[in-house]
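**Student:** Handing you this structure, nothing more for now.
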Amino acid sequence: MSWTDERVETLKRMWAEGQSASQIAKELGGVTRNAVIGKVHRLGLSNRAGEGASTADEVDVAPAPPPRPEAAAKPAEPAAQKPAVAPAAKPAAERPAPAAAPAAAPAAPSNVTPLPIRKAIIPAGQPLPPQPSANEISPEALASVREVEKRARKLTLMELTERTCKWPIGDPATDDFWFCGLPSVAGKPYCEAHVGVAFQPMSARRDRRR
DNA sequence: CCCTGATTCGC
DNA sequence: GCGAATCAGG
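All residue numbers for the first sequence refer to the working numbering, where the first residue is 10 and numbers rise by one.
Pasting the structure below:
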């Protein structure tokens, strides 16, 4: 493949959008991310401070180049990086169990304690995230999850990829927090065990009702 | 390990 | 000009 005007244009557009070199390469096809990066440099549209250049150079403010507005527009770019704590919209056959939807509303713990006062937040003991109220999950799945969480790789946000389980464990408000990180089921954001509690057939949920 | 971009250098 | 290999880093 060669760099036709059209391909170069796509490259420029995607790079401007903050797409990673590998993503661009995948899109264009016929080239590697190295090729893309090489081209980006030859085109002179690299720059984008904050990255590698951080190493040896405090030459920063000399001619003081005009700040790039879009720089802020691309905070964390790679898709895999997106925390995506909450499962994305799913087909139809199955849907994330509300109770298991992490970031979502932490099912009001009716048994926690009065807490009538607004001032009182939430004890910092038990996590708000997953903790799918036990009564919503089958004992087997629960046991499985607990077992798995002992083996969790305890990954940090940045270590998550498309292939790691993104199930949050612990209390985000403390250091006692990490992501499962075990190999995720193809196409799903969680590992086998967590998929089990996160995705439940509607029928199963109905049956468990009451 | 996974993934980033940056650089080098033979072609 | 091109891009694989390599480097440096999260």
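All C-beta atoms in this analysis are idealised placements derived from N, C-alpha and C, irrespective of residue type, glycine included.
Note that this is a predicted model, so its numbers are computed, not measured.
Going by the DSSP bridge assignment, what does G53 pair with across the sheet?
**Tutor:** Per DSSP, none; premise fails for G53.
**Student:** Under a Cβ-count criterion, where at least 16 other Cβ atoms within 10 Å of its own Cβ denotes burial, should K175 be classed as buried or exposed?
**Tutor:** buried
**Student:** In angstroms with no decimal places, state the Cα-to-Cα distance between S55 and V49.
**Tutor:** 6 Å
**Student:** To which residues of the same chain is R22 closer than 7 Å at the C-beta, ignoring the five residues directly before and after it?
**Tutor:** none
**Student:** Expressed to the nearest angstrom, what Euclidean distance is found between the alpha-carbon atoms of T173 and E36?
**Tutor:** If I take the Cα positions, the gap works out to 23 Å.
**Student:** What does the alpha-carbon distance come out to for the pair E156 and D180?
**Tutor:** Spanning the two alpha carbons is a distance of roughly 18 Å.
**Student:** Compute the Euclidean distance between the alpha carbons of E201 and A182, then round it to the nearest angstrom.
**Tutor:** 26 Å
**Student:** On the three-state DSSP scale, how would you describe G205?
**Tutor:** Of the three classes helix, strand and coil, the one that applies to G205 here is helix, per DSSP.
**Student:** Using the three-state DSSP reduction, which class does P123 fall into: helix, strand or coil?
**Tutor:** Note on P123: pLDDT 40, under 50, position unreliable in the model; no value is reported.
**Student:** If you draw a straight line from the C-alpha of A34 to the C-alpha of Y199, how long is it?
**Tutor:** 27 Å
**Student:** Please return the same chain residues whose Cβ sits closer than 6 Å to the Cβ of G205, not counting the five positions on each side in sequence.
**Tutor:** A150
**Student:** What residues in its chain sit with their C-beta under 7 Å from that of V40, if we drop five residues either side in the sequence?
**Tutor:** M10 and A34
**Student:** Would you identify the three-state DSSP class for W176, choosing helix, strand or coil?
**Tutor:** Here W176 sits in coil by DSSP.
**Student:** According to DSSP, what are the bridge partners of P192?
**Tutor:** T173
**Student:** Relative to the alpha-carbon of H203, which residue among T19, L164, T165 and V154 has its alpha-carbon at the smallest distance?
**Tutor:** V154
**Student:** Along the chain, where does the alpha helix (DSSP H) containing E26 start, and where does it finish?
**Tutor:** Where E26 is concerned, there is no enclosing alpha helix (DSSP H), given that its DSSP letter is neither H nor E.
**Student:** Since F188 and L169 are thought to touch, with beta carbons under 8 Å apart, how far apart are those beta carbons, to the nearest angstrom?
**Tutor:** 6 Å
**Student:** With 16 as the cutoff for other CB atoms within 10 Å, does E158 come out buried or exposed?
**Tutor:** buried
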